[in-house]
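Working notes, beginning with the structure itself.
Numbering (my numbering), first residue to last: 3 to 338.
Take a look at the structure:
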């Protein structure tokens, strides 16, 4: 997809140019960002080039209203942020990722918001699931996401009821998978909505898990599979990793749509029985075909972890990271 133009206007050249540079380094946003510090140059540019979104310092709204742009968002430097009449306003001194989430949320409310994404390959879907508890499934999924994100555009989704994910990531944002479920039910789960809910850790994009376990329980297995297919069809990401958590036997429907499946296991007798029972269920319930896509993994133990600060870096550069890098040898460039 040819990227739309996002213009940024601020009289402080350091702010405008640094912000534009930061966003242009992110391949996953649907805009080419251009910085302006002169209102005359901005107006002249808008007369010759279609501007999809204009971010502008709130102090210059009267001048900005004369600029040709489909969407205007004001940038406020004050602590109290309130919309400027018909123009939404966001706080300018926050991370670029936080700003783009708020911009995309504003963009979604505009009539006629474009719902299609890039023309290209559907995302590769990787499922991570195990009927065995405490097998380091989530640690593996997060490490897999980090390793793949070094070379691919990757989105990590967790379907766990209680994941502890907010504390792992140190995030307090409000948007999460509950919102994805709601927008999907309303037929509004396009790429712009999705990007308004995405956070980033290093190169890995992720959506916060659902804040209420009940939201996951109320979705049927078929609906969840359709939603995941919808996200893959948006073609924003090359790879989507789905950590199915304890999704129970409902997992089979979602695993069926995955291109590959990793199943961490343990060697004790009870764990082996759990895996055997899941395989029997998949066979008798008409999901036997997914069994051929499952790769069972005995993961290395992690020693010496603090369990708090820098946990993801510890995963990436510890034994588990080495294990994943070895596992993925020859599997990069999924679409080739």
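Note that the Cβ used here is the ideal one computed from N, Cα and C, for glycine as well. All of these numbers come straight from a predicted model, not from anything done at the bench.
Practice problem: Report the rounded CA-to-CA distance for residue 249 versus residue 134, giving the unit in angstroms. | Solution: 12 Å
Practice problem: Just grab the DSSP bridge partners of residue 129 for me. | Solution: 244, 263
Quiz item: If you count every other CB in all the chains shown that lies within 10 Å of the CB of residue 130, and 16 or more means buried, which is it?
Solution: buried
Quiz item: What is the rounded straight-line gap between the Cα of residue 277 and the Cα of residue 233?
Solution: 29 Å
Quiz item: Quick one: what's got a C-beta closer than 6 Å to residue 57's C-beta in the same chain, skipping five residues either side?
Solution: 10, 75, 77
Self-check item: Residues near residue 34 by beta carbon distance below 8 Å, same chain, minus five either side
Solution: 5, 6, 7, 8, 26
Practice problem: Name the one or two DSSP bridge partners that residue 374 has. | Solution: Because the chain is modelled from 3 through 338, residue 374 falls outside the range shown and cannot be assessed.
Quiz item: Mind checking whether residue 158 and residue 206 have CB atoms under 7 Å apart?
Solution: yes
Practice problem: Taking 7 Å as the cut-off, decide whether the C-beta atoms of residue 48 and residue 70 are in contact. | Solution: yes
Exercise. Please name the residue, chosen from 20, 97, 141, 204, that lies closest to residue 302 on a Cα-to-Cα basis.
Key: 141
Quiz item: Among residues of its own chain, excluding the 5 on either side of residue 417, which ones have a beta-carbon nearer than 7 Å to its beta-carbon?
Solution: Because the chain here runs from 3 to 338, residue 417 falls outside it and cannot be looked at.
Exercise. Name the one or two DSSP bridge partners that residue 181 has.
Key: Residue 181 is not bridged to any residue.
Self-check item: DSSP state of residue 50 mapped onto helix, strand, coil
Solution: helix
Quiz item: What residue from 17, 13, 297, 313 has the CA that sits closest to residue 172's CA?
Solution: 313
Quiz item: How would you call residue 95, buried or exposed, if buried means at least 16 neighbouring beta carbons within 10 angstroms?
Solution: exposed
Exercise. Report the three-state DSSP secondary structure of residue 234 (helix, strand or coil).
Key: helix
Self-check item: Beta carbon proximity, residue 186 to chain D, threshold 7 Å
Solution: Within the model displayed, chain D is absent; a lone protein chain is all it includes.
Quiz item: Are three or more beta carbon pairs between the region 149-169 and the region 205-223 nearer than 8 Å?
Solution: yes
Quiz item: Is residue 95 helix, strand or coil by DSSP?
Solution: coil
Self-check item: Nearest neighbour of residue 42, chosen from 13, 55, 217 [CA to CA]
Solution: 13
Quiz prompt | Rounded C-alpha distance that separates residue 256 from residue 239 | solution = 18 Å
Quiz item: Just the Cα atoms here: how many angstroms apart are residue 99 and residue 152?
Solution: 18 Å
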